[in-house]
Structure formats: structure tokens, C-alpha cells
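Engineer: Sharing a structure here in C-alpha cells format.
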Amino acid sequence: MSYTIDENGYYGSYGGAYIPEMLYRNISQLQDNYLKIINSDAFQKEYKQLLADYAGRPSPLYHARRLSDKYGGKIYLKREDLNHTGSHKINNTIGQILVAKHMNKKRIIAETGAGQHGVATATVSALMGLECVVYMGALDVKRQAPNVARMKMLGAKVITAHSGSQTLKDATNEAIRDWINNPEDTYYLIGSVVGPHPYPDMVARFQSIISEEMQQQLMEKEGAPDPDRILACIGGGSNAAGAFYHYLDNKKVQLLAAEGAGKGITSGESAATSILGSDGIIHGSKTLLMQTSDGQITEPYSLSAGLDYPGIGPLHAHLIKEKRLHVYPITDIEALEAAMELTTLEGIIPALESAHALAILPKLEIRKDEILVINLSGRGEKDMDAYQKYFTYLKKHPKDELEKSFLFVP
Amino acid sequence: MKKITQILEGKNLLSIFLTAGFPTVERTIEILTEIEDYGVDFVELGMPFSDPLADGETIQQSSAVAIRNGMTLATYFEVMKIVRKKTDLPVVYMGYLNQILQFGVEQFCRKCNEVNIECLIIPDLPLEVYEREFKTIFEKHELLISFLVTPTTSDERILKIEELTTGFMYVVSSSSITGRRGKITKKQRAHYEKIKAMKLNKPTMIGFGIHDKKSYELACQYANGAIIGSEFIRYVAKENAAYFLTTLKA
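First to last, the sequence lines map onto chains D and G.
When we follow numbering that gives the first Met the number 0, the leftmost residue of the first sequence carries the number 0, and every step to the right adds one.
When we follow numbering that gives the first Met the number 0, the leftmost residue of the second sequence carries the number 0, and every step to the right adds one.
As C-alpha cells, this is what we get:
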């Protein structure tokens with residue numbers, strides 16, 4: 000079984016490029032050239048240099064002792080939260096901005112959910128002196144306000160998407176429409192392993208630095224490159240794709256992912272695509288998505304803006320189908336508790352997205368000699384509003400009431 | 000009754016796009032029943048989609064209303080069944096691929112045959128995927144297909160589109176989503192001229208941004224006719240659709 004794309008951009012039956020003719024020229028130019036561009040020595044040299052000196056890579060692989068004591072095994076955190084801009088997103092935006100420059104594009108557009116990709120895109124656009132426009136759903140603009148302020152300071156124009164559920168899906172629709180309207184000078188810098196081919200493959204390649212480093216770091220610390228399990232959260236799935244990438248063919252390493260179950264998978268307010276999704280087309284890609292029996296895309300819900308997406312990257316859909324990847328639905332509450340716990344035990348405030356990956360731990364039976372790596376994809380400053388509301392609520396209400404009530408949710 | 004292929008041999012064709020189920024299912028049936036009297040040669044009946052990537056606000060909003068009104072593909076074909084009792088008006092199906100996949104391609108084709116829909120426009124079904132996965136089944140059911148041609152489509156690709164087109168070539172007037180309203184620019188005119196000069200062997204219809212008599216008539220000089228979508232829907236919303244149609248051929 001292969002976990003790489005075929006010549007038409009499919010992972011098994013998922014992927015491809017289901018795009019209107021208006022996007023054909025731009026997408027096919029990218030399809031024909033991206034590998035040539037990113038595999039060139041000059042590109043690799045500049046990319047690796049920026050990752051090191053600008054983004055601060057390699058990101059540490061931290062042995063979380065107190066967390067390990069609690070759950071057993073040896074738990075490592077891959078500290079993507081320590082990257083410049085505060086998440087793994089910078090790995091991809093540095094790569095793609097260099098592709099855009101190579102293709103002589105003058106204007107950068109992007110979609111963002113939690114704002115992490117928007118900030119990372121605004122950052123590299125500033126670095127390269129390129130115009131930047133970021134689309135963000137109206138709900139996300141509200142719940143991730145610190146990131147909106149950062150994007151603006153970085154010189155990006157933030158355009159609010161008011162359609163649909165006013166979240167990542169809708170921001171992506173608007174970015175695609177912008178690209179249709181501006182086919183000449185504009186580069187669409189997609190933030191996850193979603194969208195038409197070649198984006199899922201290109202973004203996965205740029206994020207693969209995560210597992211490349213993990214192999215080296217585990218070699219140094221444990222004398223062997225392979226952990227027993229890798230845990231990551233999945234919205235579209237770019238940090239998971241990066242954390243899994245070099246281990247995909249290595250069946251000894253178990254791959255686990257967390258998706259946003261919102262208020263619970265049967266609540267009607269969830270983004271648990273692996274359970275609630277079926278095969279279909281979203282944002283130019285054939286993949287698993289949440290939809291009605293009539294093929295209308297369902298409005299998702301997760302407290303975490305980065306996981307609030309009704310689809311999943313085609314690579315992950317393929318991994319799920321092939322049973323290579325096991326996905327855990329994690330509710331808002333479980334994620335909030337996991338965020339509190341990491342903060343208390345290790346002094347690290349994680350992003351709400353990453354907290355979903357941490358929340359897998361209580362669901363596992365962990366052997367004493369086991370090595371786990373959790374990809375800590377981002378830091379939690381942007382989520383302080385949600386976290387504070389959670390503490391306030393906890394103070395006023397006994398914990399057993401919590402499962403029933405979501406009153407504190409912003 | 001006239002086949003759509005015969006109609007497409009004509010000149011100065013007027014085609015109207017409307018969203019099925021907007022503003023109500025009943026109104027859609029009325030419009031389809033009456034529209035021929037206003038000089039409309041054929042209609043593109045749009046199946047509303049929650050996430051229409053190529054569409055501007057007008058069609059997005061009309062689609063959202065139609066979905067709220069309960070428009071599904073099953074309802075769409077029910078509407079067509081009722082319409083067929085009253086008129087032979089040629090109707091082209093326009094909709095995004097996902098819904099056809101969920102409905103089942105084979106069943107979709109059979110339903111189209113049942114209500115005499117002869118031609119399809121599926122904006123996010125690329126030429127290559129059509130050739131690989133859909134051509135055989137559409138041909139088996141004698142369903143024609145129309146592809147978009149845009150200002151960014153290369154000449155080589157236009158010729159490939161020409162070869163695979165069995166309905167008409169849908170010439171997108173500018174690099175934009177639907178519903179733009181401004182004057183037809185020099186650049187657009189150059190695009191029209193280029194298409195005309197290619198002397199394509201398939202009928203051509205110009206659409207996107209056609210919004211009044213002037214832009215309609217200009218398009219007709221370069222193609223078999225033109226398609227009006229968003230502007231018609233704006234008039235439908237204002238309960239003024241009949242008036243709008245009379246202004247086009249006045």
C-alpha cells in the first residue's frame with residue numbers, strides 16, 4: 000500500500016483536482032512545476048536556512064516527565080508551539096512563499112481558521128515584501144481576535160467571510176473566489192493538506208520537516224528513530240501530515256489523530272469528519288466530508304477554530320480507509336481539560352487544537368516501556384479568552400454539571 | 000418538440016439561469032412554465048449547492064434560500080416533472096459535482112432522461128476527469144455536456160474542449176465569479192474576438208457578467224447567444240423578472 004499520490008494527484012481514491020475551468024491554468028502550472036521548484040538545490044538551501052534562522056528550527060523534542068508519570072510510558076512533545084509565529088504553520092508558509100516568488104507572483108491570498116495560518120502567511124509576506132490578503136470567517140474573527148490584530152500589524156488585509164457557518168470552510172470558499180477573480184498576479188497559499196492537487200502533497204512535504212526532525216531527535220535521545228505511537232490533531236490535517244510523513248510506511252509506528260467532536264458526535268454540533276463524514280468533494284478535493292444525504296456540505300462545530308472544518312485532507316481520508324490511522328473524536332470539554340492539565344503539569348499552555356491531541360492520552364492503555372510523541376502544534380495565547388471563560392465557569396459550577404452545559408462557551 | 004441541438008444552431012440565443020427553488024419552489028415552476036413567452040430560448044436550471052465556488056453573492060444567496068426551501072435533487076426532478084406537463088422548453092442542468100455523486104451518477108442520468116433534460120453543465124467537473132470517469136456513462140444516456148472556456152484557457156485547451164463538447168461551449172466573459180455587473184471591457188471584447196476568430200465547430204454561448212440589453216447584444220455578435228444568470232435572479236427577487244426579460248429584446 001502506498002501513501003503517496005499517483006500521477007493524477009490521488010491517494011488511493013481520494014484527492015484529485017475538482018476545480019472550475021477558471022482555476023485550471025493556475026492549478027496546472029503549479030502541478031507541473033512544484034516538484035521541480037521545491038526539489039532544486041537552491042530552493043532547498045533557502046528553505047532550510049529560513050527554517051533554521053527565521054522560524055527557529057529544529058523545534059525541540061521535549062520529554063514531558065510529569066505528563067509521562069501520570070499516563071505511563073515516555074511521552075515526548077514535539078514543540079511546534081515554539082516556532083516563530085507560534086505554530087507549525089510557518090513551515091508551510093516559508094515553503095510556499097518561496098514557490099510564489101519563484102512563480103513571480105505579487106499578491107498572496109490565504110484562508111485561516113484559528114488565525115495561525117493567517118499570521119504565518121502575513122509574516123512571510125512581510126518578510127518578502129508581498130501584498131497579503133487573508134480570508135477569515137466572521138465567527139473566527141471574533142473568537143481569535145489576538146491573531147487578527149497580529150495579521151493587521153503585519154500588514155495583511157483581513158477580509159471577513161460572512162457566508163455559511165462563518166468559519167474555515169467559508170473563508171476557504173472566499174479565498175478560492177478571490178483567486179478566480181485574480182488569476183494573473185495572485186498566489187493562493189493554502190494552509191492545510193486540503194484543496195486541489197498539488198496542495199495536499201505540497202503542504203505535506205513542507206510539514207514533513209516535523210517527522211524528519213523527530214527521527215533524528217529520537218535517534219539521539221533513544222538510540223532508535225521510531226516511537227511506538229504518534230499523536231496529532233486534525234482539522235484539515237497539516238500538522239498531523241507532517242508528524243506522520245516519514246513514518247507512513249513504517250507500520251510499527253502507530254498513528255493516532257484527534258478531531259474536533261465539539262459538543263459530542265451525536266449532538267449535531269461537531270466536526271468529527273472521520274465518523275460523521277462520507278466520500279464527496281470539498282474545496283476541489285475528493286475526500287471524507289460531513290454532508291447531508293443530498294450532498295450539501297454540513298456546517299461543522301468545534302470550540303477550536305482550527306478544527307472547525309467539515310472535511311479532512313485526502314491523505315488522511317486514505318489513511319483512515321486503509322486503517323493506517325486511528326482517529327479519536329475529542330469534545331470541547333475534553334480538550335479544555337487536557338489544556339489545563341498540560342499547563343499544570345508541564346507549564347506549557349497549548350493551543351486548543353493541540354489540546355485535542357493531548358486529550359487522546361486518557362483514552363489509551365500505555366505500556367511502561369512505550370514511547371509516544373505528541374505533536375504540540377501550537378501555543379495557547381490566542382485561546383486565552385476561551386480558557387479564562389472555562390476557569391470562571393469551573394469556579395462557579397461543580398465539575399459534573401459541566402458535561403451537560405456549555406454555557407461558558409464564547 | 001425542438002431538440003436543444005437544433006436550438007443551438009440558431010443566432011441571438013437568449014438563455015436564462017435560475018436557481019431551482021428560489022424564491023420558492025412554486026415560483027420556479029411558474030417561471031419555467033412562462034419564460035418561453037418572453038423570448039427565452041433555453042434555461043439553465045441550477046441545482047443549489049451549499050458551497051458554490053464559482054458563484055458570486057447573488058447566486059450564493061439564492062442557493063441558500065433554495066436549500067432552506069427544501070430543494071434537493073429529488074425535488075428538482077419533481078419540479079421538472081410538473082414543468083414537463085406544461086412546456087417543452089429546453090432545460091440544461093447546471094450544478095456542482097458533489098450532489099450528482101451523492102445521488103448516484105447512473106440514477107442521475109436516468110432521471111435527466113425521464114424529464115427530458117438533454118444537456119449538463121458541471122462547473123467543477125474538469126475535462127480530464129470527465130474523459131476518464133464520466134464520458135461513457137453520459138454518452139450511454141445520450142446526455143450532452145457543456146464545458147466552460149475562460150480568458151485563461153489556452154488555445155490548445157480550447158481545441159480539446161471543442162473536441163469533447165457535445166452541447167455548447169460556455170464562454171466565460173471575464174476572469175471572475177458570476178454576477179459582476181460592470182461595463183464590458185476592452186479586454187473582454189478581445190476575448191470574445193479571439194473565440195470568434197477560432198471558428199469553433201461547436202455552438203458558443205457567452206455568460207458571466209451579461210446583465211442588460213447592451214451586454215447581451217454585444218455577446219450575440221461573437222457567439223450563438225448569451226446567458227444571463229445573476230441579474231435575472233436579482234429581478235426575480237424583486238418580483239420584476241418579466242419586465243427585465245422584455246427589456247432585453249425590446
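Beta carbons: idealized from backbone N, C-alpha and C, even for Gly.
Just so you know, these numbers come straight off a predicted model, no measurement behind them.
(1) Let's see if you can read the secondary structure: which residues bound the alpha helix (DSSP H) around Thr27(G)?
(2) Residues in its own chain within less than 8 Å of Gly236(D) by CB, not counting five upstream and five downstream?
(3) In chain order, what residues of the same chain have a beta carbon less than 6 Å from the beta carbon of Val171(G), not counting five sequence neighbours either side?
(4) Cβ-heavy atom distance between Thr342(D) and the ligand GTP below 7 Å?
(5) For the 8 Å Cβ check, are there 3 or more pairs between the region 86–93 of chain D and the region 166–179 of chain D?
(6) What does DSSP give as the partner residue(s) for Tyr169(G) in the beta ladder?
(7) Could you please give the first and the last residue of the uninterrupted alpha helix (DSSP H) stretch that includes Ile37(D)?
(8) In terms of residue numbering, what span does the beta strand (DSSP E) encompassing Ser14(G) cover?
(9) Using the Cα positions of Phe407(D) and Gly261(D), report the straight-line distance between them to the nearest angstrom.
(10) From Arg65(D), Lys77(D) and Ala99(D), pick the residue whose C-alpha is nearest to that of Leu187(D); which is it?
(11) Please say whether Phe21(G) and Leu88(G) have beta carbons closer to each other than 8 Å?
(12) Please go through the same chain and pick out, in chain order, the residues whose beta-carbon is closer than 6 Å to the beta-carbon of Ile99(G), but skip the five residues on each side of it.
(13) With a threshold of 7 Å on Cβ separation, who are the neighbours of Ser229(G) within its own chain once the five nearest residues in sequence on each side are excluded?
(14) Quick one: what does DSSP say Thr86(G) is sitting in, helix, strand or coil?
(15) State yes or no: is the C-beta of Leu288(D) within less than 8 Å of the C-beta of Thr272(D)?
(16) Could you give the DSSP three-state label for Lys403(D): helix, strand or coil?
(17) Strictly under 8 Å for the Cβ-Cβ distance: is Ala338(D) near chain G by that measure?
(18) Figure out for me which residue from Glu321(D), Ala358(D) and Glu336(D) has the closest Cα to the Cα of Pro328(D).
(19) Since I believe Glu380(D) is in contact with Gly55(D) (beta carbons under 8 Å), could you give me their beta-carbon distance rounded to a whole number of angstroms?
(20) For Pro51(G), which three-state DSSP category applies?
(21) Extract the residue ranges of the alpha helix (DSSP H) inside the region 66–121 of chain G, only unbroken runs of 4 or more that lie entirely within it.
(22) Any beta carbon from chain D within less than 8 Å of Ser49(G)'s own beta carbon?
(23) Kindly say whether Pro313(D), judged by its beta-carbon, lies nearer than 8 Å to any beta-carbon of chain G.
(24) With 16 other CB atoms within 10 Å as the buried threshold, where does Ser58(D) fall?
(25) How about the region 112–122 of chain G and the region 90–98 of chain G: do they share at least three Cβ pairs that are nearer than 8 Å?
(26) Please classify Leu153(D) as buried or exposed, where buried requires at least 16 other C-beta atoms within 10 Å of its C-beta.
(27) How about Val157(D) and Met135(D): are their beta carbons less than 8 Å apart?
(28) If you measure from the beta carbon of Val78(G) to each beta carbon in chain D, is any gap under 8 Å?
(29) Count the other CB atoms, across all protein chains shown, that sit within 10 Å of the CB of Gln115(D); report buried if there are 16 or more and exposed otherwise.
(30) DSSP puts Phe41(G) in a beta bridge; with which residues?
(31) Which residue wins for smallest C-alpha separation from Ile160(G), given the options Asn200(G), Gly181(G), Leu142(G) and Glu132(G)?
(32) In the DSSP output, what is Leu255(D) paired with across the bridge?
(33) According to DSSP, simplified to helix, strand and coil, what is Asp382(D)?
(34) What separation, rounded to the nearest whole angstrom, lies between the Cα atoms of Ser1(D) and Asp225(D)?
(35) Just to make sure I have the definition right: I need the residues of chain D whose C-beta is within less than 8 Å of the C-beta of Asn97(G). Which are they?
(36) Can you pull the chain D residues whose beta carbon is under 8 Å from the beta carbon of Val171(G), in chain order?
Structural biologist: With the structure as the only source:
(1) Annotation for Thr27(G): the continuous alpha helix (DSSP H) segment containing it runs Val24 to Glu33.
(2) Counting only residues of its own chain and dropping the five nearest sequence neighbours on each side, Gly236(D) has a CB closer than 8 Å to the CB of Ser191, Val192, Val193, Ala256, Ile311, Gly312, Leu314 and His315.
(3) Non-local beta-carbon contacts of Val171(G) in its own chain, meaning distances under 6 Å to residues more than five positions away in sequence, involve Leu147, Thr149 and Phe207 in chain order.
(4) The ligand GTP is not among the ligands present in this structure, which contains no ligands whatsoever.
(5) Contact between the region 86–93 of chain D and the region 166–179 of chain D is absent, because fewer than three Cβ pairs lie under 8 Å.
(6) According to DSSP, Tyr169(G) bridges with Leu147(G) and Met204(G).
(7) In the DSSP annotation of this structure, the continuous segment of the alpha helix (DSSP H) that includes Ile37(D) starts and ends at Glu20 to Asn38.
(8) Here the beta strand (DSSP E) through Ser14(G) covers Leu12 to Thr18.
(9) Bear in mind that the predicted position of Phe407(D) carries a pLDDT of just 47, short of 50, making it too unreliable to give a figure here.
(10) A small correction: the amino acid at residue 187(D) is Tyr; Leu does not occupy that position in the sequence shown. Of the candidates Arg65(D), Lys77(D) and Ala99(D), the residue whose Cα lies closest to the Cα of Tyr187(D) is Ala99(D).
(11) Not in contact: Leu88(G) and Phe21(G) (Cβ atoms no closer than 8 Å).
(12) Here Ile99(G) has Phe107 as same chain residues with Cβ atoms under 6 Å from its own Cβ, once five neighbours each way along the sequence are excluded.
(13) Cβ-Cβ distances below 7 Å link Ser229(G) to Gly55, Thr57, Ile58, Thr177 and Gly178 in the same chain, with the five nearest sequence neighbours on each side left out; the list follows chain order.
(14) Here Thr86(G) sits in coil by DSSP.
(15) Against a cut-off of 8 Å, the Cβ pair of Thr272(D) and Leu288(D) comes out as a contact.
(16) Only weak support is given to the placement of Lys403(D): the predicted model assigns it a pLDDT of 49, under 50, and the value that follows is read from those uncertain coordinates. Reduced to three states, the DSSP call for Lys403(D) is coil.
(17) No, its Cβ sits nowhere closer than 8 Å to a Cβ of chain G.
(18) If we check each option's Cα against that of Pro328(D), Ala358(D) comes out closest.
(19) Contact flag wrong, Cβ pair sits at about 16 Å.
(20) Coil, per DSSP.
(21) Fully enclosed alpha helix (DSSP H) runs of 4 or longer: 72–83, 96–102 and 104–113.
(22) Among the residues facing chain D, Ser49(G) is included, as its CB has a counterpart in that chain under 8 Å away.
(23) With a threshold of 8 Å between beta carbons, Pro313(D) makes no contact with chain G.
(24) So Ser58(D) counts as buried.
(25) Yes: at least three Cβ pairs fall under 8 Å.
(26) Buried, by the Cβ-count rule.
(27) For Val157(D) and Met135(D), yes; Cβs fall inside 8 Å.
(28) Using a CB distance cut-off of 8 Å, Val78(G) does not count as an interface residue toward chain D.
(29) So Gln115(D) counts as buried.
(30) For Phe41(G), which the question treats as bridged, DSSP gives the partners Ser14(G).
(31) Nearest C-alpha to Ile160(G): Asn200(G).
(32) Per DSSP, Leu230(D) and His325(D).
(33) Asp382(D) carries a helical assignment under DSSP once its states are collapsed to helix, strand and coil.
(34) In a straight line, the C-alpha of Ser1(D) is about 19 Å away from that of Asp225(D).
(35) The contacting residues are Gly279, Ile280, Ile281, Gln290, Gly294 and Ile296.
(36) Chain-order list of chain D residues neighbouring Val171(G): Glu20 and Met21, by C-beta distance under 8 Å.
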